[in-house]
Structure formats: C-alpha cells, structure tokens
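Notes for the one structure printed next.
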Amino acid sequence: MRHSRHRANRGFTLIEILVVVVIIGIASAIILPQLSSRDDLRAASAARALMADLLYAQNRSIALQKMHYVQFDTAGNTYSVLDNMSPANIITHPVLQAPYTVSLGTGSLSNVKLASPTFDGQTVVAFDAMGVPYSWSSGSGTTALAAGSVQIKAGKNTLTVSVAPYSGEITVQ
Numbered sequence: 000m001r002h003s004r005h006r007a008n009r010g011f012t013l014i015e016i017l018v019v020v021v022i023i024g025i026a027s028a029i030i031l032p033q034l035s036s037r038d039d040l041r042a043a044s045a046a047r048a049l050m051a052d053l054l055y056a057q058n059r060s061i062a063l064q065k066m067h068y069v070q071f072d073t074a075g076n077t078y079s080v081l082d083n084m085s086p087a088n089i090i091t092h093p094v095l096q097a098p099y100t101v102s103l104g105t106g107s108l109s110n111v112k113l114a115s116p117t118f119d120g121q122t123v124v125a126f127d128a129m130g131v132p133y134s135w136s137s138g139s140g141t142t143a144l145a146a147g148s149v150q151i152k153a154g155k156n157t158l159t160v161s162v163a164p165y166s167g168e169i170t171v172q
C-alpha cells in the first residue's frame, strides 16, 4: 500500500495530458478567429492582387508594344485594365474571359476599399511599350509619372501599392 501511494504522487498520466492538450486546442480554435477580423489578410490579399494586375498591364504593354492603362474608380470600388482610353476599351481578362474589371469589397475581399489612387493627381496610370509609367488625364493625355500610389484599406489596416517613376517598379508597403 505504501508503494501505490508514491506512484499516485509522481505526475500526470499520458491520457490526462492529452485531454488537456485537446481542450486547449478546441478553445484556441474557437477563440482565436474571433480575436481578429482578418482585415489584415484581406488588405494584403487585395494589395497583392492589385500589384499583380499592374504588373500584368505593364508586361502586356511591353509584349504588345502598345500603351495600356489601369483606371481606378473609388466610387465604384473598382479598377479596370484598358488598352485604349479614347474610346475606352477594357481588355479581356486572360483567365476569366470577361472584361478586366476588378471589384473590391465583395466575396473574399469584403470590407476592402480603394483609397487615394493618385498618379500625379490623376486616377489613371499608363505603361508604354518599354514599361515606363505615365499618368493620364483626358485633357493632357499621358505625362511622365513623378509619383504614383494606391491605398488599399480594410478596417484599420492600410497598405500602399506604389509605382516608381521611370523604372515602373511596383511595390507594396
């Protein structure tokens, strides 16, 4: 009897430890997703998608040796890729086979908004046959880009997609 008493005081059994680990796992699976609204991931996803679309327009300009444009509409929370501005001609998305217009704020990008698209004060960025960025306005046409960026907002999270002048390098910050 003395021997069984010491055995009971030595520690926890493997089953007891596993039960505690399972309870902690279940609690964390329920509680952790509620701690964050995942707006940070939505903003990052939208910024990466925008960056990819800008790179696509730039690469298509180089490949086809033709000016391409990305037009932003903050009121509609959309942007479109065009190969002509006058008259406006939205290109066909290579995967979806539909007009290349991206709508934010719906589906997996809910709560995501376009904010402050500015390319030297304009809402259209253009890329020439060498991939060099320009701002575009209906009054003056294309002008060499001095500074360009678009903010993506989701809740309290904001990311900025920037287009560098001359080189056309596209970055997310």
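Numbering (numbering that gives the first Met the number 0), first residue to last: 0 to 172.
Note that the Cβ used here is the ideal one computed from N, Cα and C, for glycine as well.
First through last residue of the alpha helix (DSSP H) which encompasses residue i
i	result
Asp72	It is not in any alpha helix (DSSP H) - Asp72 instead sits in the beta strand (DSSP E) that spans His67 to Asp72.
Arg41	Asp38 to Leu63
Integer-rounded CB distance, given that residue j should sit under 8 Å from residue i
i	j	result
Leu81	Asn88	6 Å
Lys155	Asp38	7 Å
Leu54	Ile169	6 Å
Val149	Trp135	The Cβ separation is near 14 Å, so there is no contact.
Phe126	Ala74	Incorrect: roughly 24 Å between the Cβ atoms, too far for contact.
Val162	Leu144	7 Å
Ala43	Leu158	7 Å
Residue closest to residue i, alpha-carbon to alpha-carbon, out of the options
i	options	result
Thr105	Gly10, Ile22 and Ala45	Ala45
Tyr68	Leu17, Phe118 and Gln172	Phe118
Leu183	Ala28, Arg41 and Gly10	Here the chain comprises residues numbered 0 to 172, so residue 183 is not present and cannot be evaluated.
Pro132	Ile151, Val111 and Gly167	Gly167
Ser79	Ser161, Thr100, Ala48 and Met66	Thr100
Lys152	Ser115, Glu15, Ile90 and Ala145	Ser115
Gln70	Ala128, Leu13 and Ser137	Ser137
Pro98	Gln172, Thr77 and Ser161	Thr77
Met129	Tyr165, Ile29, Gly24 and Arg9	Tyr165
Ala146	Val171, Gly120, Ser139 and Asn110	Gly120
Gly140	Gln172, Ile61, Pro86 and Gly10	Pro86
His92	Met66, Val171, Leu17 and Arg59	Arg59
Near the ligand FMN: residue i beta-carbon under 7 Å from a heavy atom
i	result
Asn76	Looking for the ligand FMN in the displayed structure turns up nothing, as the structure carries no ligands at all.
Ignoring anything shorter than 4 residues, give me the alpha helix (DSSP H) runs that lie fully in the stretch 83-168, in order along the chain. Within the stretch 83-168, no run of alpha helix (DSSP H) reaches 4 residues while sitting entirely inside it.
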